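Heads up: the sequence lines are chains W and S, in that order. Number 125 in numbering that gives the first Met the number 0 belongs to position 126 of the first sequence; there are no gaps in the numbering. Number 37 in numbering that gives the first Met the number 0 belongs to position 38 of the second sequence; there are no gaps in the numbering. Where is the CB? At the ideal position from N, CA and C, for every residue including glycine. All of these numbers come straight from a predicted model, not from anything done at the bench.
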Amino acid sequence: MSLRLLLIVISLVVFNGPVQAGDDAKKGLKIAVEADRRDTGYHDFRAELTMLLRNKHGKESLRSMRTRSLEVEGDGDKTMIIFDQPRDVKGTALLTFSHKIEPDDQWLYLPALKRVKRISSRNKSGPFMGSEFAYEDLASQEVEKYSYRYLKDDTLNDQAMFLIERDPVDENSGYKRQLVWIDQAEYRPQKIEFYDRKDSLLKTLVFRGYVQYLDRYWRAREMFMENHQTGKSTLLTWENYEFRVDLKDSDFTTNSLKRAK
Amino acid sequence: MRKAGSFVATTLMLFGPAVALAESEWRGEIALELRAFTESALDPEQNDSNLSLSGEVEYYTSWDNGRQSFTIKPFGRLDQRDYKRTHGDLREAVWIFSDDGLELRAGVDKVFWGVTEVHHLVDIINQTDAVENRDGEQKLGQPMFKLSLERDWGVLDLFYMPMFRERTFPSVEGRPRSQPRVAYELTEYQNHQEKYHQDMALRWSQNLGDWDLGLAHFYGTGREPSYSLGLDDGLPVLIPRYEIIHQSSIDLQGVVGDWLWKFEGIHREGQGPSFFAATGGFEYTFYGIADGSSDLGALAEVMWDERGDSATTPFDRDVFLGLRWVANDVDGTEVLTGVVNDWENSTRFFNLEASRRLGNDWKLGLQARFWSNVDESDALFGLRRDDYIEFKVSRFF
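The structure is reproduced here in structure tokens:
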């Protein structure tokens, strides 16, 4: 009798357990794929962004930059970021060819020396411009970069959400896992919790003020990142989104990096 | 009349959109620099401290939907002691036309080739503004026409340079400087056209996955003079001489995980017997050290020149070991330090460069350079007592 019970328990854990987990993984992946599908096909865009950095004493500093991005079929996006503020780095530009699995290719242009430096994209978890955003938070979010698990349906700001967990595939990621709240209506990320390698809550990112472009693509006007371990925060504001401005591959080369102003 | 009319029409077509769509902006930088020398000077004409003020303004405008642009960037410096360091230069005054895969530049411009940290071996288009800094990273504006073609097979750059710029050298009061001083007023040229020899260069470069490769050839007046000992007013001086050279070069950089590999090599003909020179090494970066967000890079580079002690650079049989610390903080704090050691004559050169922002518009810089154990045969021998520390405050606007 007790042996039978034990067998049942074991079979539940060993067989049923993974099947359950497999279903959750499938559902998690399905949500991620659907979110990605809805955000595919914009071809290219450019936008301006500012970052307001605030330390725990309330001291603020400002970053401003422009970005342009080109979708690449079957691979990650090509992105160029040109810095305007702080002024000592004005004209510095970062070119990224992101890839689904392979490490991204990155070049940094230093205008004072007119020099293009290849940089290692392994520095994923490093802060971007001293902000609370890591490079990987701003990189092109490819489906393949994570493994997924659907956790539950949830409610956030009176909106129905999917709560999914995603674990970075890349061992150089600064995170063990992320919890992502995606709204069920439009499949937009609304909130992300980042857990560090020791699995303690590191940061929370909240998306605000979604605007729809080309009747299809949703972009948050504000992204607010709060670091719970340091008390610092960064408010990222997107402005002047322009889609389909006829950007080409030739706008994303190391040569075009030298022309960026 | 008709001709004039079509000229006006063409002009309007070319520059008309400028009125409507021009995007233009100004930026600038003013810097105050103080140098303190830690040893007494070799020459009584030289001093133990120096104050210097420099300024640079850049104006940029683009039109024709961003396909055309014009940039002008004058630079000037006032130096307390060295009247040759008190100088101005048009760093850039360039018109750029770019369209899908094609770029045309005309005017005064600056071009950098190369990948290594210490010795900029393949960089040859622009002349070094050596009174600014001896690191070879400050350059004089170079008049040029440049055509670039970007294709699947790579980028091809063609340069035509109608005029040569002489290297800048410090006056008798300047410090650091060579001993004896370089007599720039006695400059010699191998070619009778002197600075109007028409120089040409071409470069092919390509991104090959994790590697970037560049191959180039330069024909014209060598930017690096050779020196002969002469007399001026009965005092020994170094007389610079510019030769017509052919220089082929290769530069290669690649990313392999946390490793950054770099190599530069040249073959030069026309400046004495032809020779090879090379430099290369790596930078390995430890990310997020000490459980924080700062990065520490370990650098090593080897420099070799077939000419040995008779090389026109001090980097003939040298090895550089260095560290780069990047705090990744709000103030952009960075430190680069290292030592270049000549493995044949044991001459050592220490270098430290640090900088951080102060608020949004200010920046503080610190630089320290020390030469030690300098061998008489080394090109750095004249600098053996010119150790200095430099403080710099910059205001950006």
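Own chain, CB closer than 6 angstroms to R384 (chain S), minus 5 neighbours either side, in chain order: The beta carbon of R384 (chain S) lies closer than 6 angstroms to those of E38 and L41 in the same chain, with the five residues before and after it left out.
Buried or exposed (CB count within 10 angstroms, at least 16 for buried), Y134 (chain W): Around the beta carbon of Y134 (chain W), 16 or more other beta carbons sit within 10 angstroms, so the residue counts as buried.
Spatial neighbours of H42 (chain W) within its chain, please: CB distance less than 6 angstroms, with the 5 preceding and 5 following residues excluded, ordered by chain position. Answer for H42 (chain W): E70 and R243, listed in chain order.
For a minimum of 3 consecutive residues, which ranges assigned as the beta strand (DSSP E) are wholly contained in the region 114–164 of chain S? Qualifying beta strand (DSSP E) stretches, in chain order: 141–150 and 153–160.
R176 (chain S) - DSSP class collapsed to helix/strand/coil: The three-state secondary structure of R176 (chain S), taken from DSSP, is coil.
Using three-state DSSP, classify T332 (chain S) as helix, strand or coil. DSSP places T332 (chain S) in coil when its eight states are reduced to three.
Name the residue from W:H227, W:D38, W:M79 and W:S120 whose alpha carbon lies nearest to the alpha carbon of D214 (chain W). Ranked by Cα distance from D214 (chain W), the options W:H227, W:D38, W:M79 and W:S120 are led by W:D38.
Chain S partners of L204 (chain W), CB-CB under 7 angstroms? Taking a Cβ-Cβ cut-off of 7 angstroms, L204 (chain W) has no neighbours in chain S, whose nearest Cβ is about 17 angstroms from it.
Quick check: the Cα distance between L200 (chain W) and Y108 (chain W), rounded to an integer number of angstroms? Each residue's alpha carbon lies about 35 angstroms from the other.
Residues from the region 85–98 of chain S in contact with chain W, defined by Cβ distance under 9 angstroms: Within the region 85–98 of chain S, the qualifying residues are I95, S97 and D98.
Based on the DSSP secondary-structure assignment, which residues constitute the bridge partners of R258 (chain W)? Paired residue(s): none; R258 (chain W) is not in a bridge.
In three-state DSSP terms, what is E193 (chain S)? Three-state result, E193 (chain S): helix.
Y147 (chain W) and Y174 (chain W): beta carbons closer than 8 angstroms? The Cβ-Cβ distance between Y147 (chain W) and Y174 (chain W) does not fall below 8 angstroms.
Looking at Y250 (chain W): is its Cβ nearer than 8 angstroms to the Cβ of R114 (chain W)? Just to set this straight, residue 250 (chain W) is Asp in the shown sequence, not Tyr. Going by C-beta atoms, D250 (chain W) is not nearer than 8 angstroms to R114 (chain W).
Same chain, Cβ closer than 7 angstroms to F6 (chain S), neighbours up to 5 away in sequence not counted: Confidence at F6 (chain S) is low in this model, with a pLDDT of 44, below 50, so the placement of that residue is unreliable and no value is reported for it.
Residue of S:Y82, S:R84 and S:F74 minimising C-alpha distance to R90 (chain S): Checking every option, the nearest Cα to that of R90 (chain S) belongs to S:F74.
Cβ shell of L93 (chain W) (< 6 angstroms), same chain only, five flanking positions each side left out: Scanning its chain for C-beta atoms nearer than 6 angstroms, with the 5 sequence neighbours on each side dropped, one finds around L93 (chain W) the residues I80 and L107, in chain order.
How about F390 (chain S): is its C-beta nearer than 8 angstroms to some C-beta of chain W? Taking Cβ atoms only, chain W never reaches closer than 8 angstroms to F390 (chain S), which makes this a no.
So, with DSSP's three-state summary, where would you put K261 (chain S)? Taken through DSSP and simplified to helix, strand or coil, K261 (chain S) comes out as strand.
Give me the Cα-Cα distance between K2 (chain S) and W94 (chain S), rounded to the nearest whole angstrom. Unreliable positioning characterises K2 (chain S) in this predicted model, as indicated by a pLDDT of 43, which lies under 50. The coordinate reading is nonetheless provided below. Cα to Cα, K2 (chain S) sits roughly 25 angstroms from W94 (chain S).
In terms of DSSP beta bridges, what is G381 (chain S) paired with? Per DSSP, none; premise fails for G381 (chain S).
Helix, strand or coil for A40 (chain S) per DSSP? In the structure shown, A40 (chain S) sits in coil (DSSP, three-state: anything other than H, G, I, E or B).
Among the candidates S:N327, S:D341 and S:G321, whose CA atom is the shortest distance from the CA of D304 (chain S)? For the options S:N327, S:D341 and S:G321, the alpha carbon positioned closest to that of D304 (chain S) is the one of S:D341.
Best match in S:V130, S:A326 and S:F217 for proximity to L139 (chain S) [C-alpha to C-alpha]: Residue S:V130 holds the alpha-carbon nearest to the alpha-carbon of L139 (chain S) among S:V130, S:A326 and S:F217.
Rounded to whole angstroms, what is the Cα-Cα separation between S119 (chain W) and G27 (chain W)? Cα-Cα distance, rounded: 31 angstroms.
Just verifying my parser: in three-state terms, what is the DSSP assignment at V88 (chain W)? For V88 (chain W), the secondary structure class from DSSP, reduced to helix, strand or coil, is helix.
Three CB pairs or more closer than 8 angstroms across the region 139–157 of chain S and the region 179–190 of chain S: Verdict: no, contact absent.
Going by beta-carbon coordinates alone, are G40 (chain W) and S139 (chain W) separated by less than 8 angstroms? In this structure, S139 (chain W) does not lie closer than 8 angstroms to G40 (chain W) by Cβ.
7 angstroms CB neighbourhood of E268 (chain S) in its chain, flanking five on each side removed: Taken in chain order, the residues that qualify are I244 and H245.
Go through its chain and collect everything with a Cβ distance to Q105 (chain W)'s Cβ below 6 angstroms, but skip five positions before and after it. Excluding positions up to five away in sequence, the list reads T95, I118 and S120.
Please identify the residue among S:S292, S:S273, S:E352 and S:L298 whose C-alpha is closest to the C-alpha of E282 (chain S). Of S:S292, S:S273, S:E352 and S:L298, the residue nearest in Cα terms is S:L298.
Taking Cβ-Cβ distances shorter than 7 angstroms, what residues in chain S pair up with P261 (chain W)? Any answer about residue 261 (chain W) is impossible in this case: the structure gives chain W only from 0 up to 260.
Along the region 240–260 of chain W, what residues have a CB closer than 8 angstroms to any CB found in chain S? Using a CB distance below 8 angstroms, the part of the region 240–260 of chain W facing chain S consists of K247, S249, T252, T253, N254, S255, R258 and K260, ordered along the chain.
Restricting to runs no shorter than 3 residues, where is the beta strand (DSSP E) found entirely within the region 33–98 of chain W? As for any beta strand (DSSP E) of minimum length 3 sitting wholly inside the region 33–98 of chain W, the runs are 43–53, 59–69, 77–84 and 92–96, ordered along the chain.
Taking S424 (chain S) as the reference, give the member of S:Q45, S:W25, S:N206 and S:N190 with the closest Cα. Lying outside 0 to 396, the shown extent of chain S, residue 424 (chain S) is not represented and no answer is given.
Quick one, are the C-beta atoms of Q137 (chain S) and F96 (chain S) less than 8 angstroms apart? Taking C-beta atoms as the reference points, Q137 (chain S) and F96 (chain S) fail to come closer than 8 angstroms.
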